[in-house]
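Quick note: the sequence shown uses the working numbering, first residue 6, plus one each step.
For each residue, glycine too, the CB sits at the ideal point set by N, CA and C.
Okay, so here's the structure we're looking at.
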Amino acid sequence: MSTQKLGRLEVTFETANIQGVATTRLQLAGRIDDSAPLSSFIDNINTPAVIIDTDGVAFVNSIGVREWMRLLRGLAAKGCAIRLERIADVLITQMNMIPDVRGTATIASFHAQYVCGACGAEAAPLIDAGQYAAQLAAMQAPQLPCPECNSVMELGDYPERYLTLFKA
Ligand SMILES: [Zn+2]
Numbered sequence: 006m007s008t009q010k011l012g013r014l015e016v017t018f019e020t021a022n023i024q025g026v027a028t029t030r031l032q033l034a035g036r037i038d039d040s041a042p043l044s045s046f047i048d049n050i051n052t053p054a055v056i057i058d059t060d061g062v063a064f065v066n067s068i069g070v071r072e073w074m075r076l077l078r079g080l081a082a083k084g085c086a087i088r089l090e091r092i093a094d095v096l097i098t099q100m101n102m103i104p105d106v107r108g109t110a111t112i113a114s115f116h117a118q119y120v121c122g123a124c125g126a127e128a129a130p131l132i133d134a135g136q137y138a139a140q141l142a143a144m145q146a147p148q149l150p151c152p153e154c155n156s157v158m159e160l161g162d163y164p165e166r167y168l169t170l171f172k173a
């Protein structure tokens with residue numbers, strides 16, 4: 006496992022054998038912007054499978070989105086199966102606006118902005134795309150328990166901003 010800084014983005018890189026498949030795992034944290042040339046990783050990845058975890062990404066700008074798309078396209082061109090885990094809120098909303106931000110990748114889970122109608126708490130819980138596949142395909146965000154008062158939280162935004170790409 007190795008960690009390197011690309012501007013204000015921290016990238017942790019490791020390879021592992023997952024269910025018999027050589028897999029590269031990239032964990033991104035921080036800001037994907039002008040100072041993060043993500044596509045420079047394409048040459049370093051030589052496994053048939055790649056997992057990209059963006060749980061720690063707090064910000065992405067338009068140049069960052071372009072670099073992200075370049076990375077995904079480059080990996081897809083090498084024949085990599087790409088799986089996106091714990092997609093940051095700032096990226097899943099981009100994916101819903103611009104299909105190329107997702108590209109050929111499979112989505113495992115993502116964060117979404119939720120609000121609690123009972124106590125007003127806001128949170129960005131993780132939604133498992135497999136567990137809620139049927140609901141997401143119907144453009145319905147799952148109801149999740151409020152971390153503060155345990156009543157039901159609802160998506161705090163238009164479903165289109167998060168769920169368009171799951172639409173059946
Ligand atoms: Zn609450």
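Residue 126 CB to nearest heavy atom of ligand 1 below 7 Å | Residue 126 has its CB nearer than 7 Å to a heavy atom of ligand 1.
What are the boundary residues of the beta strand (DSSP E) that residue 29 is part of?
-> 26-37
Taking residue 100 as part of the alpha helix (DSSP H), name the residues at either end of that continuous run.
-> Counting along the chain, the alpha helix (DSSP H) containing residue 100 begins and ends at 94-102.
Straight-line Cα distance separating residue 73 from residue 112 = One C-alpha to the other measures close to 15 Å.
Count the other CB atoms within 10 Å of the CB of residue 82; is the residue buried (16 or more) or exposed (fewer)?
-> So residue 82 counts as exposed.
Under the three-state DSSP convention, the category residue 61 falls into = strand
Based on Cα-Cα distance, which residue from 133, 43, 150 lies nearest to residue 142?
-> 133
Rounded straight-line distance, which links the Cα of residue 25 to that of residue 168 | 32 Å
Within the chosen definition, does the segment 99-111 reach the segment 144-158 through at least 3 CB pairs nearer than 8 Å?
-> no
CB residue 79 to CB residue 44, shorter than 8 Å?
-> Taking 8 Å as the Cβ cut-off, residue 79 and residue 44 qualify as a contacting pair.
Could you check the C-alpha separation between residue 85 and residue 58 for me, to the nearest Å?
-> Residue 85 and residue 58: Cα-Cα distance of roughly 16 Å.
For the putative contact between residue 97 and residue 54, defined by C-beta atoms under 8 Å, what is the C-beta separation to the nearest angstrom?
-> So it is not a contact: roughly 21 Å between Cβ atoms.
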